[in-house]
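If you read the sequence shown in this note's numbering, its first letter stands for residue 108, the second for the next number, and so on.
Even for Gly, the Cβ is constructed at its ideal location relative to N, Cα and C.
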Amino acid sequence: MNKIYVVDLSNKSVEAINYDVKAYKHYGRGLAVDLMEKYVAPQVDRYDSENAVIMAPGLFTGTYIPTTGRLVVATKKHKEKGAQINNMSGSIAQRIASLNIAAVVIKGNYEEGLCSLIISHKGIEIISSEDLKGAEVSKSIEVMRKIYGKDASIIGIGPSGEALLPLSTLFSTYPEGDPVYYCSRGGVGDVFGVKGIKSIVVAEESYFKAEVFDQESLEISAKRLGKLMVSDPVCGTALPGYGSITLMKMLKAGRNIKIEKIKKKANTTILENKINRTCSPICVIGCLNRHCKDENSIFSSPAESEAYAALKQCFNIDDMKFTSEFNNKAFELGLDSTELIFACALYLKAENIEGTKEVLNGLLEEIKNLSIVGRVVGSRTEGIYSLYKEKKELKPMVSRPSTREEGNFNVKLINKDKFPEISDLELLYGEIITLENLGFCLFSSFALIDNKDALEIITELYHAKTGGKCTGEEIIKYSLSCLEKELSYEAKAKGVSVEKTIPEFVKVLYRYFDNKINE
């Protein structure tokens with residue numbers, strides 16, 4: 108039987124609730140938001156002890172279905188806003204799902220410093236982690252893996268999360284090898300900090316142990332889906348060949364990018380340990396460590412690729428070695444490196460300071476030392492701009508929700524005949540949420556979205572996993588209802604207009620499915 112665990116840090120209690128997807132109806136991101144509604148009143152503020160952190164792997168995670176290693180982490184944005192959704196990669200989602208855990212709700216605050224949650228087949232244990240106070244990310248991982256095994260799956264925060272900096276985010280470990288971990292784009296580090304959570308560790312080695320209704324049918328359909336993904340030019344050639352630099356190209360040219368087969372080579376002179384090609388087990392795309400440009404430089408992850416593009420855009424810095432070093436320093440503090448670059452750009456423009464490599468490294472030191480300047484830069488672009496509102500020229504530099512760009516594109520989907528009542532754009536959102544609900548990496552979007560064959564296989568997999576029957580249209584309509592539920596929850600908190608929470612990745616998909624760009 109699957110479980111939902113409810114952890115109360117205030118009284119150190121752990122409750123296990125039986126969960127059956129056919130009876131409960133919600134799963135993945137939809138389950139996380141449903142639990143948010145149940146456990147967090149709409150008017151609760153971000154740092155209130157009544158706020159909760161909710162983790163939910165996708166419905167297909169923990170099985171042999173390829174590229175389904177995603178974990179949704181949800182919490183409250185602010186008092187007058189709804190749910191903040193962080194979609195994370197790493198090995199932890201597979202491990203949680205393999206323990207037949209559908210979700211973990213963490214409420215209350217730990218009042219004795221820092222703690223860690225240890226998840227195993229025995230349940231969830233709360234332990235003190237006060238000895239890791241102030242520890243950088245790699246140190247925390249080293250200590251926990253020494254105790255719980257060299258391949259233990261871990262998410263958590265660095266010093267910036269402990270300091271409640273808005274730019275802080277969560278780190279997540281990869282399977283043993285290089286890179287060891289990454290820091291996500293979705294934030295939430297400050298909420299872990301206020302709750303006193305230093306890390307969450309899954310102390311089990313098993314993968315692919317999630318309960319399955321029909322294992323044989325699932326494996327047959329999973330192989331078909333894997334073949335569909337690797338036959339796609341983006342998922343099967345561009346991403347495993349070039350890594351997420353592919354996405355940077357798409358931000359400029361939509362799907363009109365030149366895709367060539369290249370020799371997939373690892374620079375083993377740089378990485379002496381095992382090289383991670385995938386961020387979680389059974390991924391058939393494999394975009395890690397695919398960014399070789401010459402014999403002396405390599406981008407190990409999509410985050411470095413994004414940081415490279417941001418440095419070039421904001422400061423005209425075109426230096427792969429510096430990008431990698433800057434990204435690693437930011438990650439050690441538990442920072443969202445790409446948003447950090449945008450925050451630095453706004454602050455430096457406000458102060459009329461040129462953004463050189465030395466200056467950027469200096470700002471990282473300010474954050475590390477938690478100086479006033481460091482705290483200002485660590486407050487994200489929104490927080491920085493609030494201190495310089497008289498300088499109206501800075502306003503366009505404030506990061507905006509991804510959906511603010513939707514009006515600039517004419518999204519056109521081919522397979523829309525079953526959804527005449529909604530727009531192509533809404534259908535795109537529905538398919539994105541479907542991937543999140545099921546646990547698929549968003550990089551699989553190019554092969555799975557707007558693909559009738561993929562949707563048919565997904566319905567087969569749904570039956571094989573759960574024993575329930577559901578059409579592809581019903582699966583997507585459920586996802587659209589999840590989005591409506593999120594908007595309704597935010598409306599109760601805000602009382603006025605609300606905005607959808609769609610992953611930043613949608614900016615690539617706007618261009619990929621844009622009729623104007625792709626004509």
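CA-CA distance, valine 309 and valine 211?
The residue labelled residue 309 in the question sits at position 202 within the sequence shown. The residue labelled residue 211 in the question sits at position 104 within the sequence shown. If I take the Cα positions, the gap works out to 12 angstroms.
Hey, could you find the ends of the alpha helix (DSSP H) isoleucine 564 is sitting in?
As a first step, residue 564 must be located in the sequence shown, where it is residue number 457. Start and end: 559-573.
Can you name, in chain order, every residue of its own chain whose Cβ lies under 6 angstroms from the Cβ of lysine 436, other than the five neighbours on each side?
As a working note, residue 436 is residue 329 in the sequence shown. Only Leu471 meet the Cβ criterion.
Using only the alpha-carbon positions, how far apart do aspartate 297 and lysine 525 sit?
Here residue 297 refers to the residue found at position 190 when the sequence shown is read from its first residue. Here residue 525 refers to the residue found at position 418 when the sequence shown is read from its first residue. Answer to the nearest angstrom: the Cα atoms are 42 angstroms apart.
Measuring CB to CB, does leucine 442 end up less than 8 angstroms from threonine 182?
For the purposes of this step, residue 442 is identified with residue 335 of the sequence shown, where counting begins at 1. For the purposes of this step, residue 182 is identified with residue 75 of the sequence shown, where counting begins at 1. In this structure, threonine 182 does not lie closer than 8 angstroms to leucine 442 by Cβ.
Between which two residues does the beta strand (DSSP E) harbouring cysteine 222 extend?
Counting from one through the sequence shown, the residue named residue 222 turns up at place 115. Its beta strand (DSSP E) spans residues 222-227.
In whole angstroms, what separates the C-alpha of tyrosine 217 from that of arginine 177?
The residue you call residue 217 lines up with position 110 of the sequence shown. The residue you call residue 177 lines up with position 70 of the sequence shown. Rounded to the nearest angstrom, the two C-alpha atoms are 27 angstroms apart.
Quick check on the burial criterion: 16 or more other C-beta atoms within 10 angstroms. Buried or exposed for valine 615?
By one-based count along the sequence shown, residue 615 stands at place 508. With 16 or more Cβ atoms within 10 Å of its Cβ, valine 615 is classed as buried.
Under 8 angstroms: do the region 328-343 and the region 284-291 share three or more Cβ pairs, one atom per stretch?
Contact between the region 328-343 and the region 284-291 is absent, because fewer than three Cβ pairs lie under 8 angstroms.
Cβ of leucine 501 within 8 angstroms of Cβ of lysine 456?
Walking along the sequence shown from the start, residue 501 turns up at place 394. Walking along the sequence shown from the start, residue 456 turns up at place 349. A contact, by the Cβ cut-off of 8 angstroms.
If I'm right that alanine 600 touches lysine 186 with Cβ under 8 angstroms, what's the distance once you round it to whole angstroms?
For this step, residue 600 is matched to residue 493 along the sequence shown. For this step, residue 186 is matched to residue 79 along the sequence shown. Rounded, the Cβ-Cβ distance is 7 angstroms, consistent with contact.
Can you give me the Cβ contacts of arginine 153 inside the same chain, cut-off strictly under 6 angstroms, excluding the 5 residues immediately before and after it?
Along the sequence shown, one-based indexing puts residue 153 at 46. Only Lys183, His185 meet the Cβ criterion.
Quick one: is lysine 246 buried, meaning 16 or more other Cβ sit within 10 Å of its Cβ, or exposed?
By one-based count along the sequence shown, residue 246 stands at place 139. That one is exposed.
In the structure shown, what three-state DSSP assignment does isoleucine 208 receive?
Stepping through the sequence shown from its first residue, residue 208 is reached at position 101. Correct three-state label for isoleucine 208: strand.
Please name the residue, chosen from Thr174, Leu116, Leu142, Ile124, that lies closest to glutamate 543 on a Cα-to-Cα basis.
Taking the sequence shown and counting its residues from 1, the one referred to as residue 543 is at position 436. When only C-alpha atoms are compared, the closest one is Thr174.
I need the straight-line Cα distance from isoleucine 609 to glycine 293, nearest angstrom please.
Taking the first residue of the sequence shown as 1, we reach residue 609 at position 502. Taking the first residue of the sequence shown as 1, we reach residue 293 at position 186. Going from the Cα of isoleucine 609 to the Cα of glycine 293 covers about 11 angstroms.
Could you give the distance in angstroms between the alpha-carbon of asparagine 517 and the alpha-carbon of serine 551?
Position 410 of the sequence shown, counted from the start, is the residue given in the question as residue 517. Position 444 of the sequence shown, counted from the start, is the residue given in the question as residue 551. One C-alpha to the other measures close to 22 angstroms.
Short of 8 angstroms in beta carbon distance, which residues of its chain neighbour glutamine 191, apart from the five on each side in sequence? Order them along the chain.
Your numbering for residue 191 matches position 84 in the sequence shown. Here the set comprises Ala181, Thr182, Lys183, Lys184, Gly293, Gly294, Val295, Thr608.
Please state the DSSP three-state secondary structure of serine 552.
The count along the sequence shown starts at 1 and reaches residue 552 at position 445. In the structure shown, serine 552 sits in a helix (DSSP, three-state: H, G or I).
Please list the terminal residues of the continuous alpha helix (DSSP H) segment that includes proline 149.
As a position in the sequence shown, residue 149 is number 42, starting the count at 1. Premise fails: proline 149 is in no alpha helix (DSSP H) and is neither H nor E.
By how many angstroms is the C-alpha of phenylalanine 438 removed from the C-alpha of valine 244?
By 1-based counting over the sequence shown, the position of residue 244 is 137. By 1-based counting over the sequence shown, the position of residue 438 is 331. Spanning the two alpha carbons is a distance of roughly 7 angstroms.
For chain C, is any of its Cβ atoms less than 8 angstroms away from the one on serine 245?
In the structure shown, chain C does not exist; there is a single protein chain.
Where does leucine 477 fall in DSSP's three states?
As a working mapping, residue 477 is identified with position 370 in the sequence shown. Three-state DSSP puts leucine 477 in coil, outside helix and strand.
Could you say which of Glu326, Lys240, Tyr617 lies nearest to glycine 514 if we only look at CA atoms?
Taking the sequence shown and counting its residues from 1, one reaches residue 514 at position 407. Checked all of Glu326, Lys240, Tyr617; the closest Cα to glycine 514 is Tyr617.
Closest by CA to isoleucine 583, which one among Asn118, Phe620, Ala200, Tyr536?
Walking along the sequence shown from the start, residue 583 turns up at place 476. Cα-wise, what sits closest to isoleucine 583 is Tyr536.
Hey, how far is the Cα of lysine 188 from the Cα of glutamate 597?
Counted from its first residue, the sequence shown places residue 188 at position 81. Counted from its first residue, the sequence shown places residue 597 at position 490. The straight-line gap from Cα to Cα measures roughly 5 angstroms.
In whole angstroms, give me the CA-to-CA distance for threonine 280 and leucine 239.
Here residue 280 corresponds to residue number 173 of the sequence shown, with the count starting at 1. Here residue 239 corresponds to residue number 132 of the sequence shown, with the count starting at 1. About 17 angstroms.
Based on Cα-Cα distance, which residue from Asp425, His133, Gly135, Asp155 lies nearest to serine 117?
The count along the sequence shown starts at 1 and reaches residue 117 at position 10. For serine 117, the nearest C-alpha among the options comes from Asp155.
When the Cα of leucine 440 is compared with those of Glu458, Gln322, Asn476, which residue comes out closest?
One-based indexing of the sequence shown puts residue 440 at position 333. Per the Cα distances, Asn476.
Which whole-angstrom value describes the C-beta separation of isoleucine 213 and isoleucine 111, a residue pair presumed to lie in contact below a C-beta threshold of 8 angstroms?
Counting from one through the sequence shown, the residue named residue 213 turns up at place 106. Counting from one through the sequence shown, the residue named residue 111 turns up at place 4. Contact flag wrong, Cβ pair sits at about 12 angstroms.
Taking only three categories from DSSP, how would you classify arginine 292?
Here residue 292 corresponds to residue number 185 of the sequence shown, with the count starting at 1. If DSSP states are grouped into helix, strand and coil, arginine 292 belongs with the strands.
Excluding sequence positions up to five away, which residues of its chain have a Cβ less than 7 angstroms from the Cβ of lysine 98?
Residue 98 is absent from the structure shown; the chain starts at 108 and stops at 626.
Between the Cα of aspartate 141 and those of Ile161, Phe278, Ser509, Ala242, spot the shortest distance and give me the residue it belongs to.
Numbered from its first residue, the sequence shown carries residue 141 at position 34. Nearest C-alpha to aspartate 141: Ile161.
Please list, in chain order, all residues of the same chain as phenylalanine 449 whose beta carbon is under 8 angstroms from its beta carbon, the five residues on each side excluded.
Here the question's residue 449 lines up with position 342 in the sequence shown. Within the same chain, phenylalanine 449 has close Cβ partners Ala417, Cys421, Thr488, Met504, Ser506.
Which first and last residues belong to the beta strand (DSSP E) in which glycine 263 is found?
Reading the sequence shown from its first residue, position 156 is the one you call residue 263. 260-263 is the span of the beta strand (DSSP E), which, as asked, contains glycine 263.
For glycine 481, collect the residues of the same chain with a Cβ closer than 6 angstroms to its Cβ; drop the 5 residues on either side in sequence, then sort them by chain order.
Within the sequence shown, the letter at position 374 stands for residue 481. Contacts found: Glu473, Ile474.
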